[in-house]
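Read the structure below first, then the notes.
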Amino acid sequence: SVDLCPGHNAVNFTTIFLITFENGSTLFSNKTPADYNFTTSHVKTWASKINDGMFAFVNEVPDFFKVWHGNASDYTINENDGYMFMVNIEKLDAQIFNYKIDDLRIGRLYEFSAYIANVIRKEKCLNKPNIRFEVRAINESGNIIAKKGSGDVPACYNMSWSKYGISFKATHSSVVLLMISNVAEGNGNDVVIDDIELRVYLTNDLDDTFTTG
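Residues in the sequence shown are numbered consecutively from 382, following this note's numbering.
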């Protein structure tokens, strides 16, 4: 597995896709995962209490019994009332995000990433999310090209966004980009996700700086 490229906010890349979930004045977006070309094993809801195994596209975190960071907003910069992908992760190995993409250039360096925040308030001391990023070939074996766990997504007194993901060298032109739960549900394991991105780097000079683990 490999980490994000060092200097991942530098300008030596081209964005293949960037999902920001758009914006709107109502709490819930009517969009579906299909509108953003991905699938999830979770079920969409329009209820402010997003139960285990369910998700919603919301423009602020619902204020559920003061357990979540109620009214916290999305990550996307320079966007008012932006939506984000809120997931109450259902179980170990549940698929949060599954995106198929073609026409990658063999041998080129890519970065698959997302901004993620734990919506549980720190003082509640509940289970922390841990998300595995995977890149798999689209073939019969579905062999893993790269994978990397986020580690525990920290609970904070104020909701805090961080960038997670993996860099990989394309060995197949068609791949599946996955975010998968690394922990069972239990109490907690609730996240918001925003600005899901795939970049291709214009040079492979960063290869030697990969961290392998």
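For glycine and all other residues, C-beta sits at the position ideal for the given N, C-alpha and C.
I'd like the span of the beta strand (DSSP E) that includes residue i, first residue to last.
i      : result
Glu492 : 490-499
Asn479 : 476-482
Ile470 : Counting along the chain, Ile470 falls outside any beta strand (DSSP E), and DSSP gives it neither H nor E.
Gly532 : Gly532 -> no beta strand (DSSP E), and no H or E assigned at all.
What's the call for residue i, buried or exposed, on a 16-neighbour Cβ count within 10 Å?
i      : result
Ile497 : buried
Lys481 : exposed
Phe591 : At Phe591, the pLDDT of 33 sits below 50, so the modelled position is not reliable and the matter cannot be decided from this model.
Arg486 : exposed
Asn418 : exposed
Asp588 : Note that Asp588 scores 43 on pLDDT, short of 50, meaning its location in the model is unreliable; the coordinates nonetheless yield the value given after this. Per the 10 Å Cβ criterion, exposed.
Val516 : buried
Here's a check: name, in chain order, each residue in its chain whose Cβ is nearer than 7 Å to the Cβ of residue i, leaving out the five neighbours to either side.
i      : result
Asp444 : Gly451, Asn452
Pro494 : Inspection of the sequence shows that residue 494 is occupied by Ser rather than by Pro. Cβ neighbours of Ser494 beyond the five flanking positions: Leu385, Lys544, Tyr545, Gly546, Glu578.
Does the separation of the CB atoms of residue i and residue j fall below 7 Å?
i      : j      : result
Ser410 : Phe438 : yes
Phe478 : Met560 : yes
Glu611 : Leu399 : Within the shown structure, residues of the chain are numbered from 382 to 594, placing residue 611 beyond reach of any answer.
Met467 : Val534 : no
Lys472 : Ala565 : yes
Taking 6 Å as the limit between beta carbons, can you name the residues of its chain near residue i, skipping five residues before and five after?
i      : result
Tyr538 : Lys503
Tyr456 : Tyr496, Trp542, Asp575, Asp576
Glu441 : Asn452, Ser454
For a test of your reading of the model: does the CB of residue i fall under 6 Å from any non-hydrogen atom of the ligand ZN? Yes or no.
i      : result
Val439 : With respect to small molecules bound, the structure shown includes none, and the ligand ZN cannot be examined in it.
Validate contact between the segment 517-532 and the segment 545-557 using beta carbons, cut 8 Å, 3 pairs: Using a C-beta cut-off of 8 Å, the segment 517-532 makes contact with the segment 545-557, since at least three inter-stretch Cβ pairs fall below that distance.
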